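42 is the number of the first residue of the sequence shown in the numbering used here; add one for each residue after it.
Virtual Cβ for every residue (Gly too), placed ideally from N, Cα, C.
Bear in mind that the values here come from a model prediction, so they are computed numbers and not experimental data.
Since the structure comes first, as structure tokens, the remarks are kept for the end.
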Amino acid sequence: MKFKPRNLRAIAEMVIGDVEHFPRRSSFYITKFFEECDLDFVHVGSTRAIWTSQRLEELLEEPQPAAFQLPTRFVVLLRTLMDLERQRTVIWTEAKRWRC
């Protein structure tokens, strides 16, 4: 399945936290986010948005469970990204870490 580059970039910006309402993620936390999605992608310091867009593109190239359905691992990533309780936990953990 193919997404337009601007749409991949928009989702990537949510993952890395370059948009309002999403916690900003450093390289370590980008990797941790992908681990939470049961994905073994490791960010090693390249440009966060480009690297994340490329990983999203890889996920979209995976087999689809049925016609007109997104690949399963991509759906897991979207659900994890939109899990408000998890986002609050990440924001709280980050705030606590910076206060120490």
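Could you tell me the boundaries of the alpha helix (DSSP H) in which residue i lies?
| i | result |
| --- | --- |
| Ala108 | Premise fails: Ala108 is in no alpha helix (DSSP H) and is neither H nor E. |
| Ser94 | 89-101 |
| Met123 | Neither: Met123 is in no alpha helix (DSSP H) and is coded neither H nor E. |
| Met42 | Per DSSP, Met42 belongs to no alpha helix (DSSP H) and is neither H nor E. |
| Glu77 | 68-77 |
| Leu49 | 46-57 |
Under 8 Å, do residue i and residue j count as touching if we go by C-beta distance?
| i | j | result |
| --- | --- | --- |
| Arg96 | Ile57 | no |
| Ala53 | Thr93 | yes |
| Leu111 | Met55 | no |
| Leu100 | Lys43 | no |
| Leu49 | Glu103 | no |
Taking the alpha carbon of residue i as the point to measure from, which residue in the options has its own alpha carbon closest?
| i | options | result |
| --- | --- | --- |
| Thr72 | Arg65, Glu103, Phe82 | Phe82 |
| Asp124 | Val85, Ile91, Pro106, Pro64 | Pro64 |
| Arg47 | Ile91, Glu126, Pro106 | Ile91 |
Worksheet item: Per the contact definition of three or more C-beta pairs closer than 8 Å, is the stretch 72-87 in contact with the stretch 110-119?
Response: yes
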